[in-house]
Structure formats: C-alpha cells, structure tokens
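Enquirer: Chains as they are written, first to last, in our numbering: chain E, 85 to 405; chain Z, 85 to 405; chain Y, 119 to 441; chain C, 119 to 441. First the structure, which I've put down as structure tokens, then a few questions once you've had a look.
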Ligand SMILES: Cc1ncc(C[n+]2csc(CCOP(=O)(O)OP(=O)(O)O)c2C)c(N)n1
Ligand SMILES: Cc1ncc(C[n+]2csc(CCOP(=O)(O)OP(=O)(O)O)c2C)c(N)n1
Ligand SMILES: [Mg+2]
Ligand SMILES: [Mg+2]
C-alpha cells in the first residue's frame, strides 16, 4: 500500500462513505474548493447536492444537519476552526445530543462534526488554537481524536456510521503525518489501543501527543519500560482497556493538549484511582488552567504540553511510591 | 437580622453594588418586571439606563456586555435558563475570557453572568435542566456556585467586583432557602469553607448539594465523623483548603450535580490524588455521563445525585483502605 | 390539503382550546409538573396552518407548542399522557410540554429554545425532498424569536437554498413580558424581505384566513417556490406560563387584555357553523378529551431504572452517576 | 473630524498598501508566523472611514484588520512588531495579526471571529456615551459576516437602543472562496432595512467617497441619530490569506481579478495629488516603514516564562500544565 497522509485518510473516509451510502452529505465553508484540503475531489464525484458549501452561518448549518439527520441523512459538517464549536455548542449539545432522549426514542441524529486542524496551528493565536475535546466528553457527545492516518480513516468512517452525533478532532499536530497503511478499515468507537507495550508505567496520550509519548518512551527505554496507551475515543472511553494496562504497570501518567481543570486527563486519573490501586501517585501533563494561546510562537509552544514535561512526569512517577 | 431568602440575597447584592458603583449595570430578559424574581425593584431604583431589558438576542447582549466592560462598565447579565450559556459559549469563552491576554493586558472584562435556577427545576425537562458549571471550570472562567443565602450575597458581590468574567450559578435547589444572615459581606472568590468539621472522611459538595451532604453527615453521625467541604468557587478552586481537610481525614467523597465525565468531581479527585495519599480510593456521586434530564419527575430525580447514593459512597469509602 | 372546511377548522380550534383548559386544570391538580405555556387565544393559527398541510409535511413547534402538535394530527390522549409524564405519552414521558413530538404525523417536536427550530426544520425538509418526497415544512415561532440570530441565519439558508419552508411568526405582541415594540427594531415582515422572502400578515384570530394564506403559500412552494413568511397577528389570552397564575407579573394593561380576548378564534370559527352542528362538535370534543384525560391519568409512570433509555440511539450505555 | 484632505487620505492608503506588502515579505521571510489576511485593494475603506472619525471614537476590525488599526492611528512600527510577535508590539506579541488592538487610539481590536465584533463595539460605544463622551463607533466586517446571526442580532440591538454605530460592510465579493451571491439571500442593504437602519452603498475604491458618506453618517449620529450601514464595494487584490500563496485555490476567474485590480485606491487617491507631492508622500511612507521594519525586528521575543501573563486581569494565576 502507498503512504497515506492523515489528511488524505480523512478524504478517503469521506469519499468511501459517500460512495457506500447515499445518505451521507457534507456541509461546510469552502468545502467546494477544499480550502481545508480535506474535501478534495468530493464535489466532482458527488455533486453540489451532497457537497454543500455553506454561507458563514455556523449555527444554521449545524442545525440544518440535525434536521437532515432527523429526516434520514448522515451529514458530515466540517468546521474551519476549533472554536467554531463554541459558536454551535447550543446546536450540538442542546439539540442534536438531546433529541433522542427527549423524544422518547423517536429519532436518531447521526451527524459527524469534523475539525481538521484542532489545537495550535502555530501563529494563529488565541481564537484559532483551542483543543476543546473535553467539553464534548463532559456533555456526553461521542468524541474522537485520531492520532494516525489509519485511525483518521477508520474512526471517521465509524463516526459517520454511528447513529449518534460524533465530534472528530483532527489535531493540527497530526494532519501532516504520513504512514504506510496496509488496510483501510473502520476502527470501532470507544476502543483504545496500546501503541507500545511496557511494564513500568502507562502513559495515556491523546491525539498528536501519542507520537510525543512514543518518542519519550523510546528515549527512556534504557531507564524504564513505558507503555503508551492511545484511547482514540475520549467519550465513550475505553476504561476496560486502560484498567488492563494500568493494572499491569501500576503507574499512570496522562498527557493531553486540553486545559487542565475538568479536562480528559483529570477524568482519566479520577476513574483509574477509583478502580485501580496505583503504586505511585498519578500525574498529568496538560495545558494550564484556562489557557489562551498567545500569538508569539515561543509562548504558544510554552502553553502546550511538551516532551520535557512528559519525561519529567514519567521519571517522577517512577521514583514515587 | 431578619431571615433572608437566597433569591433576595441575590437581589440585595445587585442593589448594593449598583448603589455603590455607577459602573454596574444589569442586562437580561424580563428583568424589568423581575420575571425570575431576582432583579426585583432595581428598575425603580436605578432606571432603565442601568436596568436594561433585552430582546431575545442572547449572543448580542452578552457581547454588548463585553463591549461595555471594555469601556468601563461592570455589567451583570441574567440568563433565564442554564442552557442559554451554551448559546453564548462563544461570546463568553472566545471573547470575554480571551480579551485580556490577546490584547497583551490592554483591557479587562469584568462581566458577571448570573443563572438564577440552574440544574433541575423539576418538570422543565431536557433543555432547561442543565448544570454546566464544569464547562466554565474547564475553559478557565471564574465559576461560583453559592450554597447559602449569605454566600449568594457575598459571592455575587465579589463576582461583580472581580476584574474578570465570572459565572454565578444559583442552583434551583437552593433558590428557596432562607437563613438568618447576621452579616451581609463579600465572600472572597476562590475560597472554600468547611461547613461541618469531621475526622473520618471529607465530603466535597457543590451548591445545593451542600445541604444534602450536611443532612447525610448528620444521619451518619453515629457511625462516622463526616467533614463537609463547600468549595463555593469551582474555578479557581481552593486546593489548599481542600488539601488541609483531606490530609486530616484521609478519605474523599465528592458529590456534584454535573455530568460525570470531565466534571468538577473528577477534577477534585484527580488533583487530590496527585498531592495527598488517601487511605481509601476516592469516590464521586454525580449525574451520569452525558446526562439529559427526562421530563417525568421520577426520571428527573433518578438522574440527579441522591442522598442514598451519597450515603452509600461514604460508607463504602469508610470500609475501604 | 383541501379547500375550506369550516367544520374541521372549528373542531381543531375547539379541541386545542379545551385541551389547554384541561391541561391547566391538570397543572393545578399537580398532575402536570412544571406547568405549561398555554396556547389559549392563538388556536386559530395552528388550526389554520395545519389545515393546509398534508400528513407527510413537516412541522416544528415552540415552547407554546401544544396547538401545533395537536393540529398536525397527534393523538390528544397520548399528548396529554406526555404532559403528565406517563410512558403512554407521545415521548414516553421523556419530553413533556416543551418537547412533545410525534414523528409519525410529521411533528419534529415542540422546542424549548426560542428560535432554534427553524434551521432544523429546513434541514429536515431539504433531506426529505432530496429523497424525492414532495413535501413542504412549517416552523412556528413567536415575535420574540425574530431577534434570535440563529433564526435569522435559518431565513438566509432556506431562502438561499430555496427550501420550501413556511416561517410562521405568531405575533402575540409579547415575548414573555417584553412588548414587541421594545424588542424588534424595524418590522417582522422586513426581516423576511432582508433575505428576499415574501411575507404576508394575516389575522391570526381567523383560522380560515390563516388557512387561506397558508394554502396559497404552500401551493407556491409545491410549485417550486422558495420559503415564505407569514406573520399571524394574535393575542395570548392567558399567562406566558402557568407560573404566572401564582406570581402576578404586571405588563399587560387590563384594557388591552380585554380587547385582545374579544376576538376569540373559537367564536370566529364557531360562528361559521350552524349552532346545532357546533354543539355537536363541542360534545364530541368534550368526549374525546374526557377519554384523553382518563387515558393520560391511567398511564403508568416510567420506572426510574429506565431514566437513561433513549439517551443514545447507537445503543451506547452511559456510566451512571453513583459512587 | 474635518473635511476633505486628499493628502492625508492618500498618505493613509499608501501607508496601508506598503505596510501590507512589507508584511507579506516578512511572512515569506518567516518573520511573521501564521501568515496574514492581506488588506490589499481595500485600503480606501479604512482610510476613508477613519478620516471621518475622532481619536476618541471607537473601532473594531476584522481578521483582515491591519488597515483598520493603522487608519485609526496606531503606530505602524508597534503594529509590525506585533505581527512579528515581539514584546514591543501593540499587544506585547500576544495577539498577532488577527487580534492587533490599540485601546489608546480607540481600536478595540481586530477580531478573528467573523461577525463577532459588532455587538461588542455597540456595548462599548453605549457605555462611553453613558459616561458622557460624545463618541460614535465603527465596526468593520465583510460580506460573509452578514450571514452570521450574531451580527444580525447586533444590528437589532444597536437600532433598538439607538446606539450610534456605523456598520461598515466591506463587500469584496467573496468570503474566503465563496462568492457573495452564493451566500447572501436578499441584499446587504436589505439586512439593514430589516432593522430600520438606513443603508448606503459606496465605491470602496475611492477613499474620498468613503470619507464623505462616513462623515455624513457620523454627523447624523452625533446629532442624535441611530446606527447606519455603509456597504463599501471593493475587491481583494491578493489572497484571502497568505497560505494561498503556497496552495492555489481556484475560485476567481483571472479576468475578474484583472478587472478588480484595475480600480486601485492608491491610484485613485494618488491622482488627486500633484505628482511631486505624491512622490514626497511615498518617500515619507517608505522611510516610516523602513524604520518600522527595523523596530519590529529589533524587538525582543517574549520570554516563554511569561506565556500566561495577562490571562487574568484580576491577578489570578493559573495552575500550570506540568506534571
Ligand atoms: C433562546 C431562548 N431565550 C430565552 C428563553 C426563555 N423564554 C422562553 S419563552 C420566551 C418568550 C418567547 O417569546 P415569543 O417568541 O414571542 O413567543 P411567545 O412566548 O409569545 O409565544 C422566553 C424569553 C428561551 N426558551 N430560549
Ligand atoms: C464565525 C467564523 N466562521 C468562519 C471563520 C473562518 N473564516 C475566516 S475569514 C472567513 C471569510 C470571511 O469573509 P468576509 O466576511 O467576506 O471577509 P473577507 O475575508 O472577505 O474580508 C472565514 C470563513 C471565522 N473566522 N469565523
Ligand atoms: Mg410572543
Ligand atoms: Mg468578503
């Protein structure tokens, strides 16, 4: 198989699902010409009825997708900026998410929201650099953050096929990755994967940080055997998979590009300590509380979790206990 | 001093601050006639220029408040429903919260957002019963949830005086409380309080659940000495106050009316276990993951954390370890 | 649907009227928890609009939504059971007054968030038509909603993509306690014009007049026309919400209320019938509602263990909240 | 402010033009990280509008905001230092291109969220006037922004409360790659009319014409009038964003681009000056920008340890993210 980029994996997932299922339609800004370089070629293949370039009316087109879903479609909505999810928070959380329960099961809302380029894009500053996946994990909307091209493909496919709303964050830090992908296949939602087996400590890493965690694990290989667990889906979380890992290693470090307070790292730590006796206090490396990414590149970097911080956290955890 | 209701405490805080400081203005829907029974009497006292009844344009009036704050005002914005915070999430999180850092310190945005009647109002169903305080703790907007009339007064006063945006959740479950208030005085943001001293376990309870926790502690008095800690402010959290308590008791149970995943209860557990060695695994009682409150009262109640659940969690925690 | 049918129109208006009055009684009796937003006085709009629709056409309602759901054809008994929170309700007791829905008759739901439904309905109509169904849609909203950006975005989207949606503004003069002049700069019709949508005002107290303008608009839309707006001028006879029955809010002058109540859609539609026929309809409605109340109150309350049923359509089960 | 002043207008237009061209060079040189949205071709609007304002008047800009900030009087050197992320920048390097602000000259900031600034500006103008300042405000936005509900809500609020805000729509025909006809149902002026706001269209390539309509609107507003809208028709000469310099997106026919570029505000304003005077201005602008570049590149990069400075105005310090 040829090398596949993360972006093209997203494109392939969209194209394959659109070809497979007439009910899949794509909505978003500038998707006609694929300004975000994800919807490339779709207009030509599937026509303007199924590839709908929208006005700058995020609230309306997000709700439009909800309505289309109620009537049988499986819309995919592309957002150009992660913070646009703030703008449509109401439409996703108070409507799309709530319709099935509120109607007593009369309907489903199978919409997929895709953010190609979540997190810092370096130089895009405060309003374009958020990584708000924990917000969706809190409200209970299925939330995936693929780390690799194969997962980008497989999780997006599963998101589209899922009968509930799903938010897919494609981190800016992963978008340019390429990999040999031998098998393009759906990846089940809610199932994590051990990216690197280890015996001494489990490092849970989210999205693009999986690659940082793997690099740090390699660097530390002489000192310790580090297991890297990639949850892939943040909600619903693969607790059983993680418990299995942590029960073996007895130590836990989480690295996550979201804000610290009420983030996914905190959730992971809380759920683990409720169920598993650890040999040492768990640690997390995150963005600071309330982080706003400053423009200047050095400041932008300083606010994101770094490899040095992760290395230090792992080493401290190994010493403790 | 006379008995003061929670609602009237909010009214008094508004009136006192408006009298003290001309820059305080109030905005919201139907506040003219005090439909939410909080802004009672303000129009008469302070006139329509400072008590501005708004059209149903939450996004615009929230941003209007941001702008007024940039120009020197200290606006208080009342929202009739907790989920209206979803609708203005963008305006609060991506603008009001970010302006100071993004401008390099050129400005402040001292806006207070008040939700009188957050959480379940029994019978108001899925779109009116949210308790989304953890969302604001995640993004780093100061978040307070007063449990008592005195705190409702004191925290709202401090929120108005704070130079940053502050969200004040006044839980529906606390709004009708009355108490003898001897001293109407500001309560500092970011400082919790031990509501009931105890030796065996620390129960952290948020908002109206403080009263449930106190009742449960009383019931269990024969079996165990339960300390009840009321954080009052969820962000910034009074970690030192909590560490002090948990260091003494060695056990932790959190009860919180928010959704479980990435909620404040998880944050509390994570931060405590990072710093304090507990004698037993911590526990939390929350809403379920992704909770949507069903309409029927018995279902509505079933989704909220209950005293039985809290009692059970405390007892299990005391047995463990 | 078909042409003028005074009997059917009267029947619907009367049904909604009496349904609401009985619902208020059930609120007072503690059987409907949380109260309701009574549709009293506005019945002519839902009745007139829905008389011009087919069963397959789609509708979204509002927080003041009972009339829309009933007029579109939902079973009053299951509707009332829903308000009473019973498993026999339209939404199995999960929705209540503000979320009552009946997808079987094209009601995608009342909606508790002002201005939110317009874009949802637009998407639903678009998708059904993409699948070949020759349907149209109607989204009801109040005068307050025309100040919500999300609704104005929906105007644009529907007009731009020529989705046949009738935007029906029920202008009852107030958003809760806020008079329309205190909230709306410009005019409601002007908001349609802004997006190139035709707009027409109609006497919302006259169900036949409402039916006529709706039928004309629907015919244009079925013939390939884009969305339109109808401003139905009406008056809310009772409280914004039944909580006002306990707490008096002072915002409508008594003379205005008296004058508003003087043009009653029940009387206007009823006067078009032979009094004997009218009496027969009244009796039939009463009998139907007697049965509905009985049905509603006989329905079982849902089991708390099922509180999270239907949370996820995919079958995902949520972690519970216990310790 | 004052009446016609062709020299000043030309100077501003020319300053913005050359500022942008130098900024693009600095993007290419890797000194401005993240790129910019060039204002090239639209300079006449910012220049004309701001020539009709006083220093105390308030302005908000857009993602394509350099022109607005400069025209309102910010120091080009500190502006450029901001784009280069230096502590000597207007925002101490924290804001960059899309958030550049200078409260000292009434610029409450460029804004990276389309349609978001209108209501903010409205609130700021309202509060300053409540405090007795006889100011007005201008909020710039693009043709794409008129489809954002939040901006339409701001139209209503400003009109309803008669806040003297000039809504200036820079209609450059595209929102990123989306042509205005593909996104706007109805007309832009119609969106103002919907809220009872007067609207006027003006040739945005002619700074003097822009200045005139602005001055007239500002005079009406200072005399107690409510908000107004100006639609300035213009053309974007360059990319939506400098990323297009790497990735060609195909959405504007070359003939259209050529035709659009043929009406250049620099030439139009320049033709009103004596060529010798014009050459002098050009030289002065060049000297100012030489100095600005030097200043910008000499400024220190911020210390990573200060990354969270200014996060909270109250002095709250955030927990850091380390383990
Ligand atoms: C977005 C939003 N804002 C506020 C509310 C609270 N609320 C419920 S009904 C209502 C008034 C609605 O007025 P209008 O649209 O005129 O409808 P009416 O009640 O008159 O039928 C308000 C403010 C809400 N449900 N949703
Ligand atoms: C609310 C929002 N939606 C989308 C974007 C992404 N975006 C940035 S600029 C732009 C186009 C704006 O078009 P227009 O308003 O016409 O301004 P112009 O770029 O032409 O100056 C888009 C879609 C954004 N920043 N904010
Ligand atoms: Mg109304
Ligand atoms: Mg444009």
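Glycine included, every Cβ here is placed at the ideal spot set by N, Cα and C.
Which residues of the stretch 340–359 of chain C have a Cβ closer than 8 Å to any Cβ of chain Y? Give them in chain order.
Expert: If the cut-off is 8 Å between Cβ atoms, the stretch 340–359 of chain C has nothing near chain Y.
Enquirer: Can you tell me which of Z:355, Z:331 and Z:124 puts its alpha carbon nearest to the alpha carbon of residue 320 of chain Z?
Expert: The shortest Cα separation from residue 320 of chain Z among Z:355, Z:331 and Z:124 belongs to Z:355.
Enquirer: For residue 88 of chain E, which residues does DSSP report across the bridge?
Expert: According to DSSP, residue 88 of chain E bridges with E:263.
Enquirer: Using CA coordinates, which residue listed in C:196, C:331 and C:249 is at the minimum distance from residue 446 of chain C?
Expert: For chain C, the structure presents residues 119 to 441; residue 446 of chain C sits outside this window and is missing.
Enquirer: In terms of DSSP beta bridges, what is residue 321 of chain Y paired with?
Expert: DSSP lists Y:351 as partners of residue 321 of chain Y.
Enquirer: Buried or exposed for residue 368 of chain C, going by 16 or more other Cβ atoms inside 10 Å?
Expert: That one is exposed.
Enquirer: Residue 193 of chain Z to residue 352 of chain Z, Cα distance in whole Å?
Expert: One C-alpha to the other measures close to 28 Å.
Enquirer: Provide the residue(s) that pair with residue 255 of chain C in DSSP beta bridges, ordered along the chain.
Expert: Paired residue(s): C:176 and C:283.
Enquirer: So, under 8 Å CB-CB, residue 79 of chain C and residue 270 of chain C are touching, yes? Tell me the CB distance rounded to an integer number of Å.
Expert: Any answer about residue 79 of chain C is impossible in this case: the structure gives chain C only from 119 up to 441.
Enquirer: Check each residue of the stretch 280–306 of chain Y: if its Cβ is closer than 9 Å to any Cβ of chain Z, include it; give the result in chain order.
Expert: For the stretch 280–306 of chain Y, which is checked against every Cβ of chain Z, the residues closer than 9 Å are 293, 294, 295, 296, 300, 301, 302 and 303.
Enquirer: Give a single yes or no on whether residue 261 of chain Y has its beta carbon closer than 7 Å to a heavy atom of ligand 3.
Expert: True, at least one ligand heavy atom lies under 7 Å from that Cβ.
Enquirer: Using alpha carbons as the reference points, say which of Y:362, Y:337, Y:161 and Y:418 lies closest to residue 153 of chain Y.
Expert: Among Y:362, Y:337, Y:161 and Y:418, the Cα nearest to that of residue 153 of chain Y is on Y:362.
Enquirer: Check residue 332 of chain Y in the structure and name its three-state DSSP category.
Expert: In the structure shown, residue 332 of chain Y sits in a helix (DSSP, three-state: H, G or I).
Enquirer: Can you confirm whether the stretch 183–202 of chain Z touches the stretch 133–141 of chain Z when touching is taken to mean that 3 or more C-beta pairs between the two stretches lie within less than 8 Å?
Expert: Result no; under three Cβ-Cβ pairs closer than 8 Å.
Enquirer: Out of Y:123, Y:125 and Y:138, which has the shortest C-alpha to C-alpha gap to residue 360 of chain Y?
Expert: The candidate whose alpha carbon is nearest that of residue 360 of chain Y is Y:138.
Enquirer: When we look at the beta-carbon of residue 264 of chain Y and count the other beta-carbons within 10 Å, is it buried (16 or more) or exposed?
Expert: Buried, since its Cβ has 16 or more Cβ neighbours within 10 Å.
Enquirer: Name the two residues that bound the continuous beta strand (DSSP E) containing residue 109 of chain Z.
Expert: Per DSSP, residue 109 of chain Z belongs to the beta strand (DSSP E) from 108–112.
Enquirer: Would you mind reading off the limits of the beta strand (DSSP E) that contains residue 277 of chain Z?
Expert: Unbroken beta strand (DSSP E) run through residue 277 of chain Z: 277–280.
Enquirer: How about residue 197 of chain Z and residue 161 of chain Z: do their beta carbons lie closer than 8 Å?
Expert: Cβ distance < 8 Å, so residue 197 of chain Z and residue 161 of chain Z count as in contact.
Enquirer: Need the endpoints of the beta strand (DSSP E) that residue 289 of chain E sits in, please.
Expert: Note, residue 289 of chain E: beta strand (DSSP E), 285–289.
Enquirer: State buried or exposed for residue 302 of chain E, treating a residue as buried only when at least 16 other CB atoms are found within 10 Å of its CB.
Expert: Burial call: exposed.
Enquirer: Check whether the stretch 105–115 of chain Z touches the stretch 253–271 of chain Z, taking contact to mean three or more Cβ pairs, one atom from each stretch, closer than 8 Å.
Expert: Output reads no: the stretch 253–271 of chain Z does not touch the stretch 105–115 of chain Z.
Enquirer: Counting only beta-carbon atoms, is residue 265 of chain Y nearer than 8 Å to chain Z?
Expert: Yes, residue 265 of chain Y counts as interfacial toward chain Z.
Enquirer: Using a Cβ cut-off of 9 Å, pull out every chain Z residue sitting near residue 221 of chain C, in sequence order please.
Expert: Result: 154, 187, 190 and 191.
Enquirer: Would residue 216 of chain C count as contacting chain E if we go by Cβ distances under 8 Å?
Expert: For residue 216 of chain C, the answer is yes, since a Cβ of chain E falls inside 8 Å of its Cβ.
Enquirer: Just list the beta strand (DSSP E) runs in the stretch 325–395 of chain E, keeping only unbroken ones of 3 residues or longer that don't cross its boundaries, in chain order.
Expert: You should have 336–339 and 367–369.
Enquirer: Would you mind reading off the limits of the beta strand (DSSP E) that contains residue 319 of chain E?
Expert: Note, residue 319 of chain E: beta strand (DSSP E), 317–319.
Enquirer: Indicate the three-state DSSP secondary structure (helix, strand or coil) for residue 382 of chain C in the structure shown.
Expert: DSSP places residue 382 of chain C in coil when its eight states are reduced to three.
Enquirer: Quick one: does residue 195 of chain Z have its CB under 8 Å from some CB of chain E?
Expert: With 8 Å as the cut-off, residue 195 of chain Z does not count as an interface residue toward chain E.
Enquirer: Cβ of residue 232 of chain Y versus every heavy atom of ligand 1: is any distance shorter than 7 Å?
Expert: Residue 232 of chain Y Cβ: within cutoff of ligand 1.
Enquirer: Please find out if some non-hydrogen atom of ligand 2 comes closer than 7 Å to the beta-carbon of residue 290 of chain C.
Expert: Flag set: Cβ of residue 290 of chain C near ligand 2.
Enquirer: Should residue 397 of chain Y be labelled buried (16 or more other beta-carbon atoms within 10 Å of its own) or exposed?
Expert: It is exposed - the Cβ of residue 397 of chain Y has fewer than 16 other Cβ atoms within 10 Å.
Enquirer: So which of Z:181, Z:177 and Z:167 has the shortest CA-CA distance to residue 178 of chain E?
Expert: Among Z:181, Z:177 and Z:167, the Cα nearest to that of residue 178 of chain E belongs to Z:167.
Enquirer: Take the Cβ of residue 230 of chain E as the centre, count every other Cβ of all protein chains shown within 10 Å, and call the residue buried at 16 or more, exposed below.
Expert: So residue 230 of chain E counts as buried.
Enquirer: For residue 202 of chain Z and residue 433 of chain Y, I'd like the C-alpha separation in whole angstroms.
Expert: For residue 202 of chain Z and residue 433 of chain Y, the distance between alpha carbons rounds to 29 Å.
Enquirer: Relative to ligand 3, is the shortest distance from any of its heavy atoms to the C-beta of residue 293 of chain Y smaller than 7 Å?
Expert: Residue 293 of chain Y Cβ: within cutoff of ligand 3.
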